[in-house]
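S.K.: The following block contains the structure, expressed as structure tokens.
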Amino acid sequence: MNHWLVKSEPFKYSWDHLVAEGEGMWDGVRNYAARNNLMAMKVDDLVLFYHSNEGKEVVGLAKVSKEHYPDPTTDEAGWVVVNLVPVEKFPNTVTLAEIKKDELLKQMDLVRLSRLSVVPVKREEFDHIVALAHDKK
Numbered sequence: 002m003n004h005w006l007v008k009s010e011p012f013k014y015s016w017d018h019l020v021a022e023g024e025g026m027w028d029g030v031r032n033y034a035a036r037n038n039l040m041a042m043k044v045d046d047l048v049l050f051y052h053s054n055e056g057k058e059v060v061g062l063a064k065v066s067k068e069h070y071p072d073p074t075t076d077e078a079g080w081v082v083v084n085l086v087p088v089e090k091f092p093n094t095v096t097l098a099e100i101k102k103d104e105l106l107k108q109m110d111l112v113r114l115s116r117l118s119v120v121p122v123k124r125e126e127f128d129h130i131v132a133l134a135h136d137k138k
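Numbering (the numbering used here), first residue to last: 2 to 138.
Pasting the structure below:
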């Protein structure tokens with residue numbers, strides 16, 4: 002199993018949108034590296050859901066419910082989407098500021114490749130973020 006992080010501006014598509022839909026199509030990716038990451042996602046891979054620009058925080062956990070297929074929002078060939086389903090809204094968010102200060106997390110692709118909307122997450126990084134999200138603050 003692989004682990005991922007997806008970023009979305011909450012006013013465009015928030016965690017609450019995903020929960021309301023029950024299953025959401027992760028579309029609109031127009032960066033080749035992010036597209037390649039979508040293509041590498043497999044059913045049941047776990048995905049950290051990050052609100053970008055507003056909040057700048059990991060807010061929940063989702064999983065891949067459908068592997069990549071052509072993006073129906075464009076006529077351009079080569080762009081893909083995956084489907085995600087919500088698993089859990091975290092009791093505590095994990096902010097970008099916290100991630101940047103944390104020795105285990107400060108080299109995450111989220112920080113190093115900040116413009117990518119879909120990035121892989123190492124298992125130890127993933128486990129640490131989930132633990133932080135469940136710690137009482």
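Just so you know, even glycine gets a beta-carbon here, dropped at the ideal spot from N, CA and C.
What three-state label does DSSP hand Lys64 in the structure shown?
M.R.: strand
S.K.: Using 8 angstroms as the Cβ pair cut-off and three pairs as the minimum, do the stretch 34-48 and the stretch 79-95 touch?
M.R.: yes
S.K.: Hey, how far is the Cα of Met26 from the Cα of Lys90?
M.R.: Answer to the nearest angstrom: the Cα atoms are 18 angstroms apart.
S.K.: Counting only the same chain and skipping the five closest in sequence on each side, list residues whose C-beta sits under 7 angstroms from that of Tyr70.
M.R.: Val81, Val82
S.K.: Would you tell me roughly how many angstroms separate the C-alpha atoms of Tyr33 and Asp72, rounded to the nearest one?
M.R.: 13 angstroms
S.K.: Could you pull the start and end residues of the beta strand (DSSP E) that Tyr33 belongs to?
M.R.: Where Tyr33 is concerned, there is no enclosing beta strand (DSSP E), although the alpha helix (DSSP H) it sits in stretches over 33-41.
S.K.: Does the Cβ of Lys101 have 16 or more other Cβ atoms within 10 Å, making it buried, or fewer, making it exposed?
M.R.: Exposed: under 16 other Cβ atoms inside 10 Å.
S.K.: Assign Pro87 to one of two classes, buried (16 or more other C-beta atoms within 10 Å of its C-beta) or exposed (fewer than that).
M.R.: buried
S.K.: What are the boundary residues of the alpha helix (DSSP H) that Trp16 is part of?
M.R.: That run of the alpha helix (DSSP H) goes 16-22.
S.K.: Should Arg36 go down as buried or exposed, given a rule of 16 or more other Cβ atoms within 10 Å for buried?
M.R.: buried
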